[in-house]
Each structure stands twice: as structure tokens, then as C-alpha cells.
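**Q** Those sequence lines, one after another, are chains A and B. According to this note's numbering, the first sequence is numbered sequentially starting from 6. According to this note's numbering, the second sequence is numbered sequentially starting from 25. Glycine is no exception: its CB is placed at the ideal position from the N, C-alpha and C atoms.
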Amino acid sequence: MAQSPAPITVVSAAGRRALPVTLVNGQEYVALDDVAAFLPLAVREDRQGGLVITVRGRSIVASRDRALVSVDGRVVALPGPLTRAGNRWLAPVDFVPRALGPVAEQRVEYRRGSRLLVLGMARVPRVTTRVEAAGAGARVTVEITPPAGVMTVSESDRVVIRIEADALDVAPVSGTAPAVAQVRADQAILTVTLAPAGGEAKVTATTQDTAARVVIDIAPPGQAPEVSTATPSPSPSPSPSPSPPPPPLAVATPGVRTVVIDAGHGGDDAGVKGPGGTLEKQMTLDLAKRLKSLLEARLGVHVVLTRDDDRAVTLDERTATANNAKGHVFVSLHMNGAPSPALTGPAVFFMRLDREGEDTRREAGAQAQALPVLGGGTRVIETIRWDLAQARHIDESRRLAALLAGALEGREGSAPAPVQPAPLRVLAGLDMPAVLFEMGYLTNPAQEKAAATDNARAALVQAVYEAVNRFATEPAPPPPPPARPPAPPARGRR
Amino acid sequence: MRRTALFGLAGFTALALLGWGVNVGLQYLGRTASPDVPVAPAPPPAPTARITATLFYGAPDGMSLAPVRVDVPLAEGPVAQGRQILRALLQPPPAPYLAVIPPGTTLRALYFTTSGDAFVDLSAEVSAKHPGGTHAELLTVYAVVNAMTTNLQGVQRVQLLIDGREADSVAGHVDVRRPLERDPSLVRQEPAPAVQ
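Below you can see the structure in the form of C-alpha cells.
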């Protein structure tokens, strides 16, 4: 009699899906019609009771009751024969990587320990975690193989490690320590929870050719953690100052559920080129991806990127992506340029309206129309020119810009960031609060060099996170009282 | 008959001798007299009338636009005068000011409307050779906008065209789809020095 063990998770670049598993004679089997949902195949029974499975024009021939199949003329052994259950054909799980893999023209890899079936270019690094007691504290070492980008966030009682991957192949945690309560993996996030009053955690992340490593040193309360010396920071900065502790995890962002991050430039448009060869388009893309990881991990918001690779995207396409996603906040990331290499520091811009825009803004509310809707009743529709949609969000955009400038103050290497209104093309048509963040001058050699470090990039991303968090959670100041219309000029007789 | 032929021959010979003598004499006069004859100098070009215009270059620190008074040729009418001002603006700036318009940029055309809008059509270099960055692009755009609105009475707004076409932006940031008004916030607030 068939039982139902835990399903296998199929991971591909398109996402994940569950693949149900059935036990047959103690072996795990999957239904071929379930497999056909992600690996296109056709199944045909022949007159001798055998089975012909065709994948991309290539055939796999199986005979009933034999634990063997012929794959393009090569015999492949299986743990059990293919079998029929009702009107479905079942095959041992190993049939998928061993028989379908060679003819599928893509990677088909089964990770038995983690019950993951990895397809194509999906990134599923192996993650091993070792916990060791160190005096009254502990050290947790996480190794990611092959190396992947990591984003770590330290909170009062836990360390969240977001790994740039489609899924994690997590090995069982080895070792224990009283200071560590739990190590838990969820999709691409590894969370190390400290025991109550477990102490303070210091996180060091390094990347080598074969693996990325995160070391968490936990010290008892009141005692500074001893940072691992075996994993020096890759930052070339001579004395990197630690980032300020992040604020507590915000769980409620009622007004902000979708954040749109716009990585400036891309493709043929490299943006500013630094004297050392750094390209603006590469920096903005890297920071956009970091920001997406951080915002999704800490705020639980949905983050949409206007581009996630090195391709050209028009300004209208960026606006359309944001408006179609019904974003609640838009942040465009850029690196600045100046005619003098001496200029340095970040700057935050929001949209400035000209006379036409101000007229549009005033008229937006006045032109609201109550239109009948299906099922009765009416709905008030505000009409506004599509290319000036930003007009009605100017005040909120200014508030977001000020919060971002405030979050940048006092950060390492940051001069006070000016907040400037400007007629910026990418902001004009956005129907949401929006800012353009110039993160620093790439034309300044020192700033170009500093911007290449993980510390500097983490500080920039942290500042945007704090600004979005405060924007979402702090109430907006009350709007100023409406200006009284000017008295009509006295009319006299000519 | 014989006498008539003799007279004819003598006359022809006398005329030939006279012609030769005149030719030799003229050659002699021409060879000896020219160094001593004062040649009237060419009339000097009429002095070009000039006006003083305020142009906007990158300030030495790169942070803002610096207003600089520059002499430019006087021209007939606002369109011709606008061309002179823009041509001067597109030249490399005098020291210590910084160029904010990419070198090689030229003026293709200039149009005015009756409503106070000027359309400045610049060559493709303004975009293709632009170094990028919001700050640098703001300086580029408003160097042109401020120069036109400051010096030409009646010009309220300026729209940039690039290579004869409307454009989204010069370098991916500043919206130039519509005419722009003067932006004094980008200008360093101090008296404009004069440059000859």
C-alpha cells in the first residue's frame, strides 16, 4: 500500500514547486505526469506493455517489471521498475536525474539529503553550520559552497543571513553551545537565534574562491565579542568602523507593501565611469540586489527591481514597471559625476515641478470625478496626466528624501547629504513617493575606491532600509492648511 | 604701282618699330617704378560692436555654476544674438572655470516662439560625450537655460533638442522633454567677474 512521505522541492530559476512522492515497495516514486509539469515529456505505452518516454525528441524505453531503462541506447539501472498506479505511471525518484537528466539538455540534480531537485541554472549552494562553545560564549561558522553573496543583519536576539541563492542545501548542524538556541533555514535565509541573554554577536563575512564563510562570535552580556582572526575582513579599508546596530525588526509596514528599486543605467549606458574604471551601472545593480535582500528579509515587503541584470532599460520602462507593480515607494540608485574630481558625498533628489506641473498638481484634486461602477454606487477617480503622475506625491517624496538624508548623517565617510528638488525624468511619471539617490561621486578617486568596499555598500543599503522603514512606520506630518485663494482683484470702471 | 608697294612696306615697318618701342618702354617703367609707388593699404575691417553677456561655467570647485561676464559680438535681432551667446558658451571656458558642456558640442539651430520659449538644438556630442551623473547633467542643462533666460529679454523658458530631435534627457537624469525655467539655485551667488 502506498504511503505519502514529504514531497520533494523542485528548484529552478523560475521558482520552486512541490513534487509529491509515493512509497512503493519501500522506494520513493514520483508520478510522470507530475514531472511533466516542469520537464516536458510525452509517455506512450507500446503493445508489449513497455513504455516509451520522449523528451526533446529523444527516447527512454522502459519495460514493465524490470528495474532498467534504455536511455538513447544506454542501459540505466534503477532502484525499482516503473509501475502503473491507476491511470498514472510512477517512476523511482532516481529515474528523474539518471534517465531524464541525460536527455533533458539541462542540469537535473537530485540532492537526496535536503530533498531538493535542482534544475537548470538554479543556485543551490551547500550550507554547513558548525556550532562551538567558546568559554561562556560561542562561535557559529557557516560555510556556503560554492560561494554566494551574503547579507547579514544583526538583531538583539538573532543574526539573519540572507544568501543570494534560489534555495539552500542545508546540512545538519554540527555541535551545540548554550549561547545558541537555534539555527534554522528557510528558503534562502539562515537564522541563528541566540539563547535568552545569550550576549552580543559579532559577524564577519568573507568570500574565497571555493566558499563563502560567515563567522558569528557570541560573547556573554557585557563582554565584547572576540572577533575571529582566522577570517580577516576583505575590506581594504585600514580601520573599518563597525556599522551601527540595526533597529529592531519592523513587522508592520502598513502603508508600504511593495518597494521598487531602480538600478540606474545598464547595458550600453554605463553611466559615470570612475577614474579607476568602476562603472556606475555595475554599482547600482549590486546595491539594488543587496537592498532587495535586506528589505525583503527585514521588512517583509515585496521588492521589485526595474532591472536585475546588465541590460538597457528605458526611463519609461522603469516608470511603467513601478506603476504596474503598484509600488508604494520608489528609490532610484545612482552614482554621481562632477566636473571637478574634488566633489564628494551623497545627495538625495526628489521631483521639482515647473509651472505646468504645479498647475497639474492643483488640478488633480479639483478634477476628481465620481463615476458609476458595476453593481451600483460610484467611485471617485482622480485624473492626472500620466507623465506628471508624481505631481500629487511631491510632499511625501520630499519626506522620504529627508528621511534618507537623515539616515545618511554620521555614517562612515559620508558628508551631510543635501536634499534637492530637480526635474528628473525617471521620477516624473511615478504614481508613488519617489526619490533618486546619488550615493556618492564616482568621479572622486577616493570615493570610487571606498565605494568598492563591502562596508561602504552595506552602510548605503542600511541607510535606505532605515529611511524606508521610518517612512512606512512613522506617521506623515499633517498637511499644511490649504492656502486661501487670493481675493479677486477689484474691478473698476474703465 | 611699284611706288605704292614701297610706301606700304615702309609704313608697316614704322608701325612695327613703334609698337616694339612702346612695349619695351612699358616694361622698363613697370620694372623700375613699382617699389617706389606707395600702395594704398586695405581699409581696416569695420570694428565689430560687442555686448557683455553673462555666461555660466562650472565654478572652480565644481559645485555650482559661476556667472561670468563675457564680451560677445552684437548681432541683429534676438535669434542672431542668441546664436552668438550660445557659440560663446560652447567655447572652452576661461581659467579657472570648468567646462560643463562636453567639448565638441555645436549649435545646430535656435528657434523662438512668441510665448517666450527658446528651442536650442545642440549636436549629439552634448549627450554622447557627457560624463554622466545628475549633478554634472544639471550643470550642463542649466548653463544653457540660464544663459538664454538671463541675456535675452523675452525668453522665459528653454527646451533643449539634441541632434534635431526632442530628447528625454541629456545623460539619463534631467527631464528635457519640456521647456525649463531658469534655476538660480545652481548659481554661485557672488558678483560675476568680467572676462575679456
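#1: Based on the DSSP secondary-structure assignment, which residues constitute the bridge partners of Ser151(B)?
#2: Mark Ser193(B) as exposed unless 16 or more other C-beta atoms lie within 10 angstroms of its C-beta, in which case mark it buried.
#3: Counting only beta-carbon separations shorter than 9 angstroms, does Ala123(B) have a partner in chain E?
#4: Cβ closer than 9 angstroms: which chain B residues qualify as neighbours of Asp359(A)?
#5: From what residue to what residue does the beta strand (DSSP E) around Ala202(A) run?
#6: Do the segment 141–153 of chain A and the segment 276–291 of chain A make contact, defined as three or more Cβ pairs closer than 8 angstroms?
#7: Let me confirm a value: Pro482(A) is counted as buried when at least 16 other C-beta atoms fall within 10 Å, else exposed. Which label applies?
#8: Does Ser193(B) have its Cβ less than 9 angstroms from a Cβ in chain A?
#9: According to a CB-to-CB cut-off of less than 9 angstroms, which residues of the segment 313–324 of chain A neighbour chain B?
#10: Could you name the residues of chain B that Ser298(A) contacts, counting a contact when the two beta carbons are closer than 8 angstroms?
#11: Beta strand (DSSP E) containing Pro20(A): first to last residue?
#12: With DSSP as the reference, label Gln4(A) as helix, strand or coil.
#13: Got a sec? Which residues, its chain only, sit under 7 angstroms from Asp315(A) by beta carbon, not counting five neighbours each side?
#14: In chain order, what residues of the same chain have a beta carbon less than 6 angstroms from the beta carbon of Ala224(A), not counting five sequence neighbours either side?
#15: If you measure between the beta carbons of Gln395(A) and Leu441(A), is that distance less than 9 angstroms?
#16: My guess is that Val197(A) and Val175(A) are in contact by the Cβ rule of under 8 angstroms, so how many angstroms apart are they, rounded?
#17: Of all the options Val165(B), Leu122(B), Leu110(B), which has the alpha carbon lying nearest to the alpha carbon of Ala195(B)?
#18: Distance cutoff 9 angstroms, beta carbons only. Does Met172(B) sit that close to anything in chain A?
#19: How about Ile65(A) and Leu28(A): are their beta carbons less than 9 angstroms apart?
#20: Determine the chain A residues that contact Val198(B) at a beta-carbon separation under 8 angstroms, and present them in chain order.
#21: If you follow the alpha helix (DSSP H) that Phe476(A) is part of, which residue opens it and which one closes it?
#22: Cβ of Phe354(A) less than 9 angstroms from any chain B Cβ?
#23: Taking C-beta pairs closer than 7 angstroms, name the residues in chain B that Leu341(A) reaches, listed in chain order.
#24: In whole angstroms, what is the alpha-carbon distance linking Val147(A) and Thr134(A)?
#25: Examine chain A for any beta-carbon lying closer than 9 angstroms to the beta-carbon of Pro84(B), and answer yes or no.
#26: Taking the straight line between their C-alpha atoms, what separation do you get for Arg52(A) and Arg69(A)?
#27: Which residues, in chain order, does the segment 261–286 of chain A contribute to contact with chain B at a C-beta distance below 9 angstroms?
#28: Val318(A) and Leu447(A) look like a contact to me (Cβ under 8 angstroms); what is the Cβ gap, rounded to whole Å?
#29: With DSSP collapsed to three states, give me the class of Ala47(A).
#30: Under the rule that 16 or more other beta-carbon atoms within 10 Å means buried, what is Asp60(B), buried or exposed?
#31: Could you tell me the distance, in whole angstroms, from the CA atom of His197(B) to the CA atom of Gly157(B)?
#32: May I ask you to report which of helix, strand or coil DSSP gives Gln53(A)?
#33: Express the C-alpha separation of Leu163(B) and Val336(A) in angstroms, rounding to a whole number.
#34: Considering only C-alpha positions, which residue in the set Gln213(B), Ala73(B), Ala77(B), Ala160(B) is nearest to Ala123(B)?
#35: With a threshold of 8 angstroms (Cβ to nearest heavy atom), would Ala325(A) be considered close to the ligand ATP?
#36: Can you pull the chain B neighbours of Thr311(A), defined as C-beta to C-beta under 8 angstroms?
**A** Quick look at the numbers:
#1: Here residue 151(B) refers to the residue found at position 127 of the second sequence. Ser151(B) is not bridged to any residue.
#2: If you number the second sequence from 1, residue 193(B) lands on position 169. Counting every other CB atom within 10 Å of its CB across the protein chains shown gives Ser193(B) a total of 16 or more, marking it as buried.
#3: Absent from the structure: chain E. Protein chains present are A and B.
#4: Indexing the first sequence from 1 puts residue 359(A) at position 354. The answer, in chain order, is Arg181, Arg202, Pro203, Leu204, Glu205.
#5: To locate residue 202(A), count along the first sequence from 1; it is residue 197. Taken as a continuous stretch (DSSP letters only), Ala202(A) belongs to no beta strand (DSSP E), as it is neither H nor E.
#6: Cβ pair count under 8 angstroms is below three, so no.
#7: Position 477 of the first sequence holds residue 482(A). Exposed.
#8: Within the second sequence, the letter at position 169 stands for residue 193(B). With 9 angstroms as the cut-off, Ser193(B) counts as an interface residue toward chain A.
#9: From the segment 313–324 of chain A, only Thr319, Leu320, Asp321 have a Cβ closer than 9 angstroms to chain B.
#10: As a working note, residue 298(A) is residue 293 in the first sequence. In chain order: nothing, as chain B lies at least about 26 angstroms away.
#11: Walking along the first sequence from the start, residue 20(A) turns up at place 15. Per the sequence shown, the amino acid found at residue 20(A) is Gly instead of Pro. For Gly20(A), the uninterrupted beta strand (DSSP E) run begins and ends at 20–24, by DSSP.
#12: The structure shown does not extend to residue 4(A), since chain A is modelled only from 6 through 499, so no value can be given for it.
#13: What you label residue 315(A) is simply residue 310 of the first sequence in a count that begins at 1. Cβ neighbours of Asp315(A) beyond the five flanking positions: Gly271, Gly272, Lys286, Leu290.
#14: Here residue 224(A) refers to the residue found at position 219 of the first sequence. Within the same chain, Gly142, Gly204, Glu205, Pro230 come within 6 angstroms of Ala224(A) by CB-CB distance, once the 5 residues on both sides are set aside.
#15: Mapped onto the first sequence, residue 395(A) falls at position 390. Mapped onto the first sequence, residue 441(A) falls at position 436. The answer is no: Cβ separation not under 9 angstroms.
#16: Here residue 197(A) is taken as the residue at index 192 of the first sequence, counted from 1. Here residue 175(A) is taken as the residue at index 170 of the first sequence, counted from 1. That pair is no contact at about 13 angstroms.
#17: Numbered from 1 along the second sequence, position 171 holds the residue referred to as residue 195(B). Cα-wise, what sits closest to Ala195(B) is Val165(B).
#18: For this step, residue 172(B) is matched to residue 148 along the second sequence. No, no contact with chain A.
#19: For the purposes of this step, residue 65(A) is taken as residue 60 along the first sequence, with counting starting at 1. For the purposes of this step, residue 28(A) is taken as residue 23 along the first sequence, with counting starting at 1. Contact flag unset, no.
#20: By one-based count along the second sequence, residue 198(B) stands at place 174. The answer, in chain order, is Ala427, Pro428, Leu429, Arg430.
#21: The residue you call residue 476(A) lines up with position 471 of the first sequence. Run containing Phe476(A): 459–478, per the alpha helix (DSSP H) assignment.
#22: Residue numbering aside, residue 354(A) sits at position 349 when the first sequence is read from its first letter. It does; some Cβ of chain B falls within 9 angstroms.
#23: The sequence position of residue 341(A) within the first sequence is 336, counting from 1. A small fix is needed here, since residue 341(A) is Asn in this sequence, not Leu. Neighbours of Asn341(A) on chain B, chain order: Gly157, Thr158, His159.
#24: Counted from its first residue, the first sequence places residue 147(A) at position 142. Counted from its first residue, the first sequence places residue 134(A) at position 129. The alpha-carbon atoms of Val147(A) and Thr134(A) are separated by roughly 5 angstroms.
#25: Residue numbering aside, residue 84(B) sits at position 60 when the second sequence is read from its first letter. Yes, Pro84(B) counts as interfacial toward chain A.
#26: By 1-based counting over the first sequence, the position of residue 52(A) is 47. By 1-based counting over the first sequence, the position of residue 69(A) is 64. Those two C-alpha atoms are separated by around 12 angstroms.
#27: Gly269, His270, Asp274, Ala275, Gly276, Val277, Lys278, Glu285
#28: Here the question's residue 318(A) lines up with position 313 in the first sequence. Here the question's residue 447(A) lines up with position 442 in the first sequence. The pair is not a contact, with the Cβ atoms about 20 angstroms apart (cut-off 8 angstroms).
#29: Here residue 47(A) corresponds to residue number 42 of the first sequence, with the count starting at 1. Here Ala47(A) sits in strand by DSSP.
#30: Counting from 1 along the second sequence, the entry for residue 60(B) is found at position 36. Because the pLDDT at Asp60(B) is just 43, under 50, the model does not fix this residue reliably, and the value given afterwards should be weighed accordingly. The residue in question, Asp60(B), is exposed, as its Cβ has fewer than 16 Cβ neighbours within 10 Å.
#31: The count along the second sequence starts at 1 and reaches residue 197(B) at position 173. The count along the second sequence starts at 1 and reaches residue 157(B) at position 133. Spanning the two alpha carbons is a distance of roughly 8 angstroms.
#32: As a first step, residue 53(A) is located in the first sequence; it is residue number 48 there, counting from the start. Three-state DSSP puts Gln53(A) in coil, outside helix and strand.
#33: In the first sequence, counting from the first residue as 1, residue 336(A) sits at position 331. In the second sequence, counting from the first residue as 1, residue 163(B) sits at position 139. Spanning the two alpha carbons is a distance of roughly 23 angstroms.
#34: Here residue 123(B) refers to the residue found at position 99 of the second sequence. The shortest Cα separation from Ala123(B) among Gln213(B), Ala73(B), Ala77(B), Ala160(B) belongs to Ala160(B).
#35: Among the components of this structure there are no ligands whatsoever, and the ligand ATP is therefore not found.
#36: As a first step, residue 311(A) is located in the first sequence; it is residue number 306 there, counting from the start. Near Thr311(A) there are no residues of chain B at all, since even the closest Cβ is about 13 angstroms away, more than 8 angstroms.
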